[in-house]
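Asker: Counting from 392, one number per residue, gives the positions in the sequence shown under our numbering. Every residue gets a Cβ at the ideal spot worked out from N, C-alpha and C, and that includes glycine. One structure follows; several queries about it will come next.
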Amino acid sequence: MTILSSCWSPIIWTNNVKTGSKVVASYTTALSFVLITLTIYQMIGGESTQLYNPLFDFDIRDSLQVAGSFVIGFLSFLIISSGLVMFGISQEVRGWLLPWLILWMIFMVCQLLFGVRLLYRYYVFVDVVLITMIDYLWMAYNFYCWLCVYSVYKEFAKRASPNIEYLQWP
392 MTILSSCWSP
402 IIWTNNVKTG
412 SKVVASYTTA
422 LSFVLITLTI
432 YQMIGGESTQ
442 LYNPLFDFDI
452 RDSLQVAGSF
462 VIGFLSFLII
472 SSGLVMFGIS
482 QEVRGWLLPW
492 LILWMIFMVC
502 QLLFGVRLLY
512 RYYVFVDVVL
522 ITMIDYLWMA
532 YNFYCWLCVY
542 SVYKEFAKRA
552 SPNIEYLQWP
């Protein structure tokens, strides 16, 4: 049984989840390219002193280079998995959707932990609450996107399940 039958949000609106999942894969690719560009900009000495920046606490000479490389690698895998979602939907094979489902869930857990970290470390700043609320709203939208792709996964699983008939053997 699928969870969603259509994919609707302020950014994405389609009548079926297959098309919505393709749009979600495109959203993931575009978001990953923007975040990779921002990370590279910060790694070469750009502005990274804002409190709401996930790489705020890192030293530009040492730890930012390591953390930035990890972020770029993770987002590159996310771009590849978005391509696999497109391929999996066109071939109707649910296994190609699994890497994206796993990586996107990790991405959302990182968003959750980032908000918790903001509230725990910088609770004295009032604007941190607003930043955390915006982060959690974005995480809720990302969870909805995850549900859209998961619905396609469940739809393919339902179609792929075999009908096994037991023969009566005398």
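1) Please tell me whether L488 and Y544 are closer than 8 Å, where the distance is taken between their beta carbons.
2) How about L492 and Y541: are their beta carbons less than 8 Å apart?
3) Look at L395 and V408 and say whether their C-beta atoms are less than 8 Å apart.
4) Inspect the beta-carbon positions of L446 and G464 and report whether they are closer than 8 Å.
5) Would a C-beta distance cut-off of 8 Å place S412 and V476 closer than the cut-off?
6) Within 10 angstroms of the Cβ of R452, are there 16 or more other Cβ atoms? Answer buried if so, exposed if not.
7) Quick check on DSSP: helix, strand or coil for W560?
8) State the CB to CB distance for the pair W495 and N533, rounded to an integer number of angstroms; the pair is presumed to be in contact (CB under 8 Å).
9) Would L442 and F547 be called neighbours here (beta carbons separated by less than 8 Å)?
10) Taking all protein chains shown into account, do 16 or more other C-beta atoms lie within 10 angstroms of the C-beta of R550, making it buried, or fewer, making it exposed?
Answerer: Let me lay it out:
1) yes
2) yes
3) Between L395 and V408, the CB-CB gap stays under 8 Å.
4) Going by C-beta atoms, L446 is not nearer than 8 Å to G464.
5) Taking the C-beta atoms as reference points, V476 is found nearer than 8 Å to S412.
6) Exposed is the call here.
7) coil
8) 7 Å
9) no
10) exposed
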